[in-house]
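Asks:
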Amino acid sequence: MTRAVVVEDDRALARALAITLRAAGYEVTTAGTGAAGLEAVAQAHPDVVVLDLGLPDMDGLDVLAALRGWSQVPVLVLTARSTGDDAVEALDAGADDVVTKPFGMDVLLARLRAAVRRGPAEAAAPVVTTASFTVDLHRRLVVRDGEPVRLTPTEWHLLEVLARAPGRVVPQQLLLGELRGPHLAGDGHYLRVYVAQLRRKLEPDPARPRHLLTEPGVGYRLEP
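If you count the sequence shown from 1, position 103 lands on 103 in UniProt numbering, and the numbers rise without skipping.
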């Protein structure tokens, strides 16, 4: 079943989209804010995202920019804005398609099918090499000084998410969405603990990290 995340603050439209998509065979998760949408994408691992530009907590373009720092999932943007500049800006920011409100559901479904067929815009490099260690995403292997490094499942998951977007900031909220489970609370303390553990295992000087970097107030970045 194709998974879709719908980020739309208009409850009536979000409900209509969810009903239509489910009838078409999609598994649908809805979110009414940009922050909730980012978290939903992190948790659901969708095949496609429907993103409204006019959200109550943040501009849809900011949501798209944050998402593109971490994921290449196809994104279809919805906008009620009449100027063509908004569509151009959304496409330049990484959207795969733009649909202007009002729209017909048959048109939307056709655009979604096309976006899903195209798939992600690019695949992450299978191997990420830094000056201190190498991350092999396909083999789920980390090597430092010629020796494999033993990581816990949670440490590996965190490193994997960062390694799929080398050099780009991954928002803390997305990382928490990836790592959150019954044993993890929804705050940044646990994330800081796991980042510190990774630094101890991978950084030449954990107190002065060169590769696993903190972007204060935003998230973390793996710098090769």
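Where a beta carbon is used, it is the ideal one built from N, C-alpha and C, also for glycine.
(1) Determine, using beta carbons only, whether GLY219 and VAL170 come nearer to each other than 7 Å.
(2) In chain order, which continuous runs of the beta strand (DSSP E) of length 3 or greater are located wholly inside the region 123-166?
(3) I'd like to confirm the pairing. Which residues does DSSP put opposite PRO204 in its beta bridges?
(4) On the CB-based measure, 16 or more other CB atoms within 10 Å of its CB, does PRO209 come out buried or exposed?
(5) State the DSSP-derived secondary structure class of ARG3, mapped to helix, strand or coil.
(6) Can you tell me whether ALA185 is buried or exposed, with buried defined as 16 or more other CB within 10 angstroms of its CB?
(7) Just checking my contact of VAL50 with VAL7 at CB under 8 Å: how many whole Å lie between their CB atoms?
(8) Quick check on PRO126: buried or exposed, where buried means 16 or more other Cβ atoms within 10 Å of its Cβ?
(9) Which class does ASP57 belong to by DSSP, given the choice of helix, strand or coil?
Replies: With the given structure in hand:
(1) To locate residue 219, count along the sequence shown from 1; it is residue 219. To locate residue 170, count along the sequence shown from 1; it is residue 170. Going by C-beta atoms, GLY219 is nearer than 7 Å to VAL170.
(2) 127-129, 134-136, 141-144
(3) Taking the sequence shown and counting its residues from 1, one reaches residue 204 at position 204. PRO204 pairs with nothing; no bridge assigned.
(4) Along the sequence shown, read from residue 1 onward, the residue named residue 209 stands at position 209. Classification of PRO209: buried, given that the 10 Å Cβ count is 16 or more.
(5) Position 3 of the sequence shown, counting from 1, holds the residue named residue 3. It is a strand residue.
(6) The residue you call residue 185 lines up with position 185 of the sequence shown. With a pLDDT of 44 at ALA185, under the threshold of 50, the predicted position of this residue should be treated as unreliable, though the coordinate-derived value follows. It counts as exposed.
(7) As a first step, residue 50 must be located in the sequence shown, where it is residue number 50. As a first step, residue 7 must be located in the sequence shown, where it is residue number 7. With a Cβ gap of about 7 Å, VAL50 and VAL7 count as contacting.
(8) Here residue 126 corresponds to residue number 126 of the sequence shown, with the count starting at 1. Burial call: exposed.
(9) Against the sequence shown, residue 57 aligns to sequence position 57. In this structure, ASP57 counts as coil in the three-state DSSP scheme.
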